[in-house]
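A.B. asks: In my numbering, the protein residues as written are 3 to 760. Even glycine gets a Cβ: it sits at the ideal position worked out from N, Cα and C.
1) Please name the residue in 56, 59, 98, 86 whose C-alpha comes closest to that of residue 72.
2) Ordered along the chain, which non-local residues of its own chain (more than five positions away) have a Cβ less than 7 Å from that of residue 263?
3) Which residues does DSSP list as the beta-bridge partners of residue 548?
4) Measure the C-alpha to C-alpha separation of residue 417 and residue 498 and round it to an integer number of angstroms.
5) Tell me whether the region 373 to 388 and the region 422 to 429 touch, counting them as touching only if at least three CB pairs, one residue from each stretch, are closer than 8 Å.
6) With DSSP as the reference, please indicate the residues paired to residue 72 in a beta bridge.
7) For residue 345, report the span of its alpha helix (DSSP H) as first-last.
8) For the beta strand (DSSP E) holding residue 691, just list the boundary residues, first then last.
9) If distances are taken between C-alpha atoms only, which option among 681, 500, 604 comes closest to residue 561?
10) Tell me, which residues are paired with residue 744 by DSSP?
11) Inspect the CB distances between the region 681 to 699 and the region 749 to 759 and report whether three or more fall short of 8 Å.
12) Let me make sure I understand the geometry here. Which of 558, 539, 541 has the alpha-carbon closest to that of residue 506?
13) Verify whether the separation of the beta carbon atoms of residue 572 and residue 599 is less than 9 Å.
14) How would you call residue 450, buried or exposed, if buried means at least 16 neighbouring beta carbons within 10 angstroms?
15) Which word fits residue 701, buried or exposed, when buried means at least 16 other C-beta atoms lie within 10 angstroms of its C-beta?
16) Please list, in chain order, all residues of the same chain as residue 741 whose beta carbon is under 8 Å from its beta carbon, the five residues on each side excluded.
17) When the Cα atoms are used, what is the spatial distance from residue 743 to residue 730?
18) Check whether the Cβ atoms of residue 682 and residue 674 sit closer than 9 Å, and answer yes or no.
19) According to the Cβ coordinates, are residue 548 and residue 574 closer than 9 Å?
20) According to DSSP, simplified to helix, strand and coil, what is residue 527?
21) For residue 369, which of helix, strand or coil comes out of DSSP?
22) So, at 6 Å on beta carbons, what are the nonlocal neighbours of residue 366 in its own chain, with the 5 sequence-adjacent residues on each side left out?
23) For residue 432, list the residues DSSP reports as bridge partners.
24) Give the DSSP bridge partners of residue 2, in chain order.
25) Helix, strand or coil for residue 500, going by three-state DSSP, please let me know.
26) Quick check on residue 89: buried or exposed, where buried means 16 or more other Cβ atoms within 10 Å of its Cβ?
27) Assign residue 444 to one of two classes, buried (16 or more other C-beta atoms within 10 Å of its C-beta) or exposed (fewer than that).
28) Give me the Cβ distance between residue 312 and residue 341, rounded to the nearest whole Å; I'm assuming they're in contact under 8 Å.
29) Give the secondary structure of residue 329 by DSSP, where H, G and I count as helix, E and B as strand, and everything else as coil.
30) Roughly how many angstroms lie between the CA atoms of residue 122 and residue 84, to the nearest whole one?
31) For a quick check, are the C-beta atoms of residue 217 and residue 231 less than 9 Å apart?
32) On a CA-only basis, which of 442, 318, 648 is nearest residue 374? Give me that one, please.
33) Report the residue from 614, 103, 70 whose alpha carbon sits nearest the alpha carbon of residue 86.
34) Relative to the C-alpha of residue 578, which residue among 565, 605, 406, 594 is closest?
35) Specify the secondary structure class of residue 290 as computed by DSSP and reduced to three states.
36) Let me confirm a value: residue 697 is counted as buried when at least 16 other C-beta atoms fall within 10 Å, else exposed. Which label applies?
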């Protein structure tokens, strides 16, 4: 411990330094208890004493009164009135208050007749003396009776007969066509079309779902024999269900192209891989191959058929099923029709055939529900309604069990991927995604302008070659369970070199409350890049990543696990565990974790780093705070240029370490380094050293890499040292060592334990 001044014994009674503690026991304090300045709580009498003076303990009286009572209430009735009864009291101390019935003033009375009735005055009653026999038929002239409302409860005479309302329900369009619909009716509901609404028009509405009733009324009630009687489906309702899609059982053949019949592919008489209840009901799904012009052989152009299938699925609210063992070739971007919701579900894919990976070149793709984007644009471009309120993610997209691929260049020296846009782009949507394979996209999935749209991903895997997932500006929660980016498409050296030097697995710019459980990437430049969104008007405010939670990040044989970009101001995130295994081919002086932006607030539970050319952790963002509960640096400073394991080099920046498990080597570089006002705290080193016989001290290498903020030590054993007039002290310390001065020469070796801390 640090050296203390010489002790001077007092003439009067000895006492320690003034205290400021709060002590407590089940009794009053004694004069011998505590120190000057302490407080005392008697837990029996609930009294507070103090602060203690040389004369004793001042009594400050009770510090808590008796606990209050709260009433237990129920509804009571005497047959005439219903009242509130306080039948008991609970929770208090001392004597219970009285019980009784509540009056209008809130007081309690023992007589229920004096209590306030909690019911209001009785409402008026509508009674009819007699009604005629009901008939079997109901005409559009059927009327219903009403009477005046009064404050009493007497019978009322019949005063009004109300005519029919403004809506008419019919069984079918055929029935509607033979009906004379009164002019007062403005809406017809047709139930064999799923309850679709039709509005009266003033002329033939053209090529839309329509019918003409037997009357010839216009919307203003006038009669027009040439143009009257027309009804069109309401513009805010969907199209009627496609009655041509009626197959109840479908299955996928071994060769889809073999069942092409007149450009129309239909699967029949098989077993439905998507089982339905064994009841008769309308089918709420359709096969993408129920439309024409889809061959699914990966060569023919399926664009027109897919667009028609998506149109039907969107308009009819049906899930679009993708058969297995099919490759749907698209030559243009595909959109959700009318910016409506869309669900696409396949049977999954086998990423690599028989799991046989080629050591070089391109792997053989397995079977499954595949989409082949044979163009440079966006693959699926999903967007909410352009006239929708910006605060609503107004197109709900579902993607399940499918895979996507591109025609990438053959790997060779200096290889680069094709100039392809994202396979998936979501704008103002809500999306549920699971079992999605991005086999070899240049750009995987982009999420933008999500004001109130959630992104939920179960499993996403593949080998994105530039960007895996790009969060541009998300203002609602993003949840991702599993990301697995691995060289499924190609293990060739040129491809791995490119992704290691250029690719990002996950980019998060503007997001709030992102939750990612597992992120694994191999041979990616960065597993996670946190950036900044510059903003685009009041509906798309600027910002970075806030309140993020990450479970496990494993950056294998890449460059960095986590980068907070310089433009990212105020990032806040928690990480359970980060593992960074830097590839030996990396030559850049890149840290495994680097915080470049200012005002970051990061907490890392466990950080494991190995084989970094430079530092394992580098913090250069002004006023950033990084807390690391458990730090396990492996080999660092492989460049042999003096990089420490942790560097903190910015004004106001602080790195706090709770535990360090050093299992590697820095080739002589220090474990920590501070510069430009940065601080590293919480770290400590310990050891045992010896003051040799005939010496009065020892110099110890502490290994912190920075000058300790303090050193604790303890002499061991009885030793051969007489009491001296100078107490042991730390005579000097610097970034490499400290010197212990015993103040006396020892007559034998004297060991001591030490702890240096920052």
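C.D. replies: Walking through what the data contain:
1) On the chain shown, position 70 is the one that residue 72 refers to. Comparing Cα positions, the closest option is 98.
2) Stepping through the chain shown from its first residue, residue 263 is reached at position 261. For residue 263, the predicted structure reports a pLDDT of 35, less than 50, and the residue's modelled location is therefore unreliable. A value from the coordinates is still provided. Here the set comprises nothing.
3) For this step, residue 548 is matched to residue 546 along the chain shown. Answer is 514, bridged to residue 548.
4) On the chain shown, position 415 is the one that residue 417 refers to. On the chain shown, position 496 is the one that residue 498 refers to. So the two alpha carbons sit approximately 10 Å from each other.
5) yes
6) For the purposes of this step, residue 72 is taken as the residue at position 70 of the chain shown. The partner list for residue 72 (beta bridge, DSSP) reads 92.
7) Residue 345 sits at position 343 when you count from the first residue of the chain shown. Counting along the chain, residue 345 falls outside any alpha helix (DSSP H), though it belongs to the beta strand (DSSP E) covering 344 to 347.
8) For this step, residue 691 is matched to residue 689 along the chain shown. 686 to 693 is the span of the beta strand (DSSP E), which, as asked, contains residue 691.
9) As a first step, residue 561 must be located in the chain shown, where it is residue number 559. It is 500.
10) The sequence position of residue 744 within the chain shown is 742, counting from 1. According to DSSP, which records beta bridges pairwise, residue 744 is partnered with nothing at all.
11) yes
12) As a first step, residue 506 must be located in the chain shown, where it is residue number 504. Among 558, 539, 541, the Cα nearest to that of residue 506 belongs to 558.
13) By 1-based counting over the chain shown, the position of residue 572 is 570. By 1-based counting over the chain shown, the position of residue 599 is 597. The answer is yes: Cβ separation under 9 Å.
14) Here residue 450 is taken as the residue at index 448 of the chain shown, counted from 1. Its Cβ being crowded by 16 or more others within 10 Å, residue 450 is buried.
15) As a working mapping, residue 701 is identified with position 699 in the chain shown. Burial call: exposed.
16) Walking along the chain shown from the start, residue 741 turns up at place 739. Cβ neighbours of residue 741 beyond the five flanking positions: 699, 700, 701, 702, 732, 733, 734, 735.
17) The residue given as residue 743 occupies position 741 in the chain shown. The residue given as residue 730 occupies position 728 in the chain shown. Whole-angstrom Cα-Cα distance: 6 Å.
18) One-based indexing of the chain shown puts residue 682 at position 680. One-based indexing of the chain shown puts residue 674 at position 672. Result yes, Cβ atoms of residue 682 and residue 674 sit closer than 9 Å.
19) Here the question's residue 548 lines up with position 546 in the chain shown. Here the question's residue 574 lines up with position 572 in the chain shown. Cβ atoms of residue 548 and residue 574: closer than 9 Å.
20) Working through the chain shown from its first residue, we reach residue 527 at position 525. The answer is coil: DSSP assigns residue 527 none of H, G, I, E or B.
21) Position 367 of the chain shown, counted from the start, is the residue given in the question as residue 369. The answer is coil: DSSP assigns residue 369 none of H, G, I, E or B.
22) As a first step, residue 366 must be located in the chain shown, where it is residue number 364. Correct list, in chain order: 355.
23) As a position in the chain shown, residue 432 is number 430, starting the count at 1. Residue 432 is bridged to 398.
24) No statement about residue 2 is possible, as the shown extent of the chain runs from 3 to 760 and does not include it.
25) Taking the chain shown and counting its residues from 1, one reaches residue 500 at position 498. Residue state, collapsed to three classes: helix.
26) The residue you call residue 89 lines up with position 87 of the chain shown. Label assigned to residue 89: exposed.
27) To locate residue 444, count along the chain shown from 1; it is residue 442. Residue 444 should be labelled buried.
28) In the chain shown, residue 312 corresponds to position 310, counting from 1. In the chain shown, residue 341 corresponds to position 339, counting from 1. Not confirmed; about 12 Å, so no contact.
29) As a working mapping, residue 329 is identified with position 327 in the chain shown. Three-state DSSP puts residue 329 in a strand.
30) Walking along the chain shown from the start, residue 122 turns up at place 120. Walking along the chain shown from the start, residue 84 turns up at place 82. Cα-Cα distance, rounded: 10 Å.
31) Looking up residue 217 in the chain shown gives position 215. Looking up residue 231 in the chain shown gives position 229. In this structure, residue 231 lies closer than 9 Å to residue 217 by Cβ.
32) In the chain shown, residue 374 corresponds to position 372, counting from 1. Nearest of 442, 318, 648 to residue 374, Cα basis: 442.
33) Taking the first residue of the chain shown as position 1, residue 86 is located at position 84. Ranking 614, 103, 70 by Cα distance to residue 86 puts 103 first.
34) To locate residue 578, count along the chain shown from 1; it is residue 576. Cα-wise, what sits closest to residue 578 is 605.
35) In the chain shown, counting from the first residue as 1, residue 290 sits at position 288. Residue 290 falls in the helix class under three-state DSSP.
36) The count along the chain shown starts at 1 and reaches residue 697 at position 695. That one is exposed.
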